[in-house]
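Here is the structure we will look at.
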């Protein structure tokens, strides 16, 4: 099946028991054994559940991988992946990543003896120089949050493969509709299904997929042992969202292109970060690797924090809120919201400045969104 068809029909099609076109929610904690030591494939929902299995198979199929796992949140997915490592292991990670990932690494996992090096993940020499005898993993975001830098996936896979390192790609922003890291040899792909996969701002969830049977076996063990799995109803909501993923992604991008062009020409805006603009440092790489440029736009505003605050207080259709990837347009201030857990010096060295605003472009009428931005930028410059 092509992507759009697979998104609608899922991995298994109609429910084999009843013929229901939409797979049901198996809202149960436990399953009856047929006999002592004999099940019908399920025994306890922490271990496996039919609704969760359908989501796992669907995301794996969309990513071109053979195995998938659904988790309660994106951070639960990331935390479970980190348990593949042991005390004393070293991880190379990009510096301009999601603030919650940085917090997990630097404030939680390092307390258990893991070591981290953050660097420009597109600099091959920096990666090779950072590799130590105890390096075990390279972690990156296919499109970074919030600067929208596109990572050279093939280069990462080549360097890591040459040193026997595990590769993990967070593919939340582009989704498998725009790029499938497994096709480049990436070992594990992570998602916050809260974002574009669900797409409606009504559930939190996470996922991990892999083409490796060995890694899949370990992930299944960890998901069951840690209890980080997603609930049946949350999985059902994500499945519902996935059915419209392709058409939503096209509309997100159409709106984002227009808004990026508008911001790029506005005198109140210092710089626009959108891979679809030729001025973005990742533009050529994005055009080569991605099917499209996505629905996220970040920009820096003249006037410093007073202008930032005025802008965020004035926007009407862009809700001042965390998260991204939903049908609703959202605006946030990374320095005080999504990336507040990063030390100020580290954050600024990564290029995430105090006057940076991140927009998640929804699927509303783009003229309404541009009018909202125009009015709010004008208010910001009056400060």
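Residue numbers (our numbering): 269 to 651. Idealized CB from N, CA, C, for every residue including glycine. Here the structure is a predicted model, which is why all the values come from computation and not from measurement.
query                                                                                                                                                                          : result
Where does the unbroken alpha helix (DSSP H) through residue 350 begin, and where does it stop?                                                                                : 342-350
Tell me, please, which residues DSSP counts as bridged to residue 407.                                                                                                         : 361, 436
For residue 551, report the span of its alpha helix (DSSP H) as first-last.                                                                                                    : 551-557
In this structure, how does DSSP classify residue 536 when only helix, strand and coil are distinguished?                                                                      : coil
The beta strand (DSSP E) that contains residue 625, what's its start and end?                                                                                                  : 624-628
Does residue 380 get closer than 8 Å to chain B when you measure Cβ to Cβ?                                                                                                     : Among the chains of the structure shown, chain B does not appear; only one protein chain is present.
Who are the near neighbours of residue 545 in its chain, counting only those whose CB is closer than 7 Å to its CB and skipping five residues on each side?                    : 528, 532, 551
Distance, Cα to Cα, residue 358 vs residue 458?                                                                                                                                : 19 Å
Decide yes or no for the touch test of the region 354-370 against the region 500-513: beta carbon pairs closer than 8 Å, at least 3 of them.                                   : no
Quick check: the Cα distance between residue 500 and residue 300, rounded to an integer number of angstroms?                                                                   : 17 Å
Excluding the five sequence neighbours on either side, which residues of its own chain have a C-beta within less than 7 Å of the C-beta of residue 615, listed in chain order? : 603, 607
Near residue 582, what residues of its chain come up, given a Cβ to Cβ distance below 8 Å and the 5 sequence neighbours on each side ignored?                                  : 643, 644, 647, 648
By DSSP's criteria, residue 566 is part of a beta bridge. Which residues make up the other side?                                                                               : 541, 626
Is residue 599 helix, strand or coil when you go by DSSP?                                                                                                                      : strand
What did DSSP end up calling residue 366 once you bin it into helix, strand or coil?                                                                                           : coil
Quick check on the DSSP output: the beta strand (DSSP E) that includes residue 476 runs from which residue to which?                                                           : 474-478
Which partner residues of residue 386 appear in the DSSP bridge assignment?                                                                                                    : 361
Can you say whether residue 463 is buried or exposed, counting buried as having 16 or more other CB atoms within 10 angstroms of its CB?                                       : buried
Who does residue 456 pair with in a DSSP beta bridge?                                                                                                                          : 436, 478
Would you give the residue range spanned by the alpha helix (DSSP H) that residue 335 belongs to?                                                                              : Residue 335 -> not in any alpha helix (DSSP H); beta strand (DSSP E) instead, spanning 335-339.
Under three-state DSSP, which class holds residue 312?                                                                                                                         : strand
Quick one: give me the first and last residue of the alpha helix (DSSP H) that residue 445 is part of.                                                                         : 443-446
Out of curiosity, what's the CA-to-CA distance linking residue 558 and residue 312?                                                                                            : 40 Å
Per DSSP, which residues does residue 306 bridge with? Please list them.                                                                                                       : 303
Going by CA-CA distance only, name the one from 277, 423, 295 that's closest to residue 287.                                                                                   : 277
Do residue 536 and residue 450 have their CB atoms nearer than 8 Å?                                                                                                            : no
Can you tell me which of 578, 571, 595, 572 puts its alpha carbon nearest to the alpha carbon of residue 564?                                                                  : 595
If you draw a straight line from the alpha carbon of residue 273 to that of residue 397, how long is it in whole angstroms?                                                    : 44 Å
For a test of the three-state rule: what should DSSP assign to residue 298, helix, strand or coil?                                                                             : strand
What did DSSP end up calling residue 288 once you bin it into helix, strand or coil?                                                                                           : coil
Leaving out five residues on either side along the sequence, give the residues of the same chain with a beta carbon under 8 Å from the beta carbon of residue 355.             : 380, 381, 382
Tell me whether the beta-carbon of residue 475 lies closer than 8 Å to the beta-carbon of residue 554.                                                                         : no
Rounded to the nearest angstrom, what separates residue 610 and residue 374 at their Cα positions?                                                                             : 9 Å
What's the C-alpha gap between residue 378 and residue 496?                                                                                                                    : 20 Å
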